[in-house]
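Residue numbers (this note's numbering): 104 to 347.
Just so it is clear, CB atoms sit at the ideal spot from N, CA and C, and this is done for glycine as well.
Worksheet: one structure, shown below.
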């Protein structure tokens, strides 16, 4: 009787353990697949917004129009569906330097107009030299920092368990080529270096996406949002950072 009772309990315990293991595996699989499941076309805010808005149509013969339209759509995908918050620090710095140089030039011109030249020449020369210096700084900033950066953003984990995810997108735009190479630099807990001369560090995962503008725009120059969405989602999901 005791042997029979023990034999009966062991299969029941084994079945219970097996069920618990299956449930744990299912939970892990569900967590690993969250990033892809959350970005099915039916659930995409980006595609819903594009469906409600007017179609984006550009001149296929003008590479800059193609680039800007693609950039705007990629940024919208990242903010709408991947919940990245775009950083505008680079643009703000550019605007600040530009406004400062314009203020110096206008201020010097107005001052020299109101005050006789022999009295205002010191201020005028000072404004001119400062304007040249600020303009040089702006050129250097555009060359060394802004350079090939298309997007800078970050995303916080809603649960607070995972570190913040940072993303920098760099482009290899060539106005004479139909290809548009992009590099997605993803890192956790730290922002990738934004200098144009830097390569991705060991802590940064770099994903390359090299597509033709013809893959994202039809013969009439209209943006095919579904194709662009699929390429961006596939690229970021391949990193397995589980951004969602």
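| Query | Result |
| --- | --- |
| For the putative contact between residue 244 and residue 200, defined by C-beta atoms under 8 Å, what is the C-beta separation to the nearest angstrom? | 7 Å |
| Suppose only complete runs of 4+ residues qualify. What are the alpha helix (DSSP H) ranges in the stretch 137 to 208, listed by chain order? | 137 to 140, 148 to 155, 166 to 183 |
| Between the C-alpha atoms of residue 236 and residue 145, what's the straight-line distance to the nearest angstrom? | 52 Å |
| Report whether the distance from the Cβ of residue 237 to the nearest heavy atom of the ligand MG is below 7 Å. | Of the ligands one can find in the structure shown there are none, so the ligand MG has no counterpart to examine. |
| Please state whether DSSP places residue 278 in a helix, a strand or coil. | coil |
| Have a look at 262, 169, 153 and flag the residue whose alpha-carbon is nearest the alpha-carbon of residue 179. | 153 |
| Per DSSP, which residues does residue 269 bridge with? Please list them. | 257, 290 |
| Does residue 331 pass the burial test, meaning 16 or more other C-beta atoms within 10 Å, or should it be called exposed? | buried |
| Within the continuous alpha helix (DSSP H) that includes residue 310, where are the two ends? | Run containing residue 310: none in the alpha helix (DSSP H); it sits in the beta strand (DSSP E), 307 to 315. |
| Taking the alpha helix (DSSP H) that residue 326 belongs to, which residues open and close that run? | That residue, residue 326, is in no alpha helix (DSSP H); it is neither H nor E in DSSP. |
| Could you tell me which of 218, 285, 258 sits nearest to residue 187, measuring between CA atoms? | 258 |
| So if DSSP puts residue 339 in a beta bridge, which residue, or which two residues, is it bridged to? | According to DSSP, residue 339 bridges with nothing at all. |
| Under 8 Å by Cβ, that's how I've got residue 248 and residue 193 pegged, so tell me the actual separation to the nearest angstrom. | 7 Å |
| Going by CA-CA distance only, name the one from 271, 168, 262, 266 that's closest to residue 251. | 271 |
| Per DSSP, what kind of secondary structure is residue 227 in: helix, strand or coil? | helix |
| Round the Cβ separation of residue 172 and residue 165 to the nearest angstrom and send it over; I've been treating them as touching at under 8 Å. | Their Cβ separation, rounded to whole angstroms, is 10 Å, which puts residue 172 and residue 165 out of contact at 8 Å. |
| Pull up the DSSP beta-bridge partners for residue 252, would you. | 273 |
| By the 10 Å Cβ neighbour count, where 16 or more other Cβ atoms means buried, how is residue 320 classified, buried or exposed? | buried |
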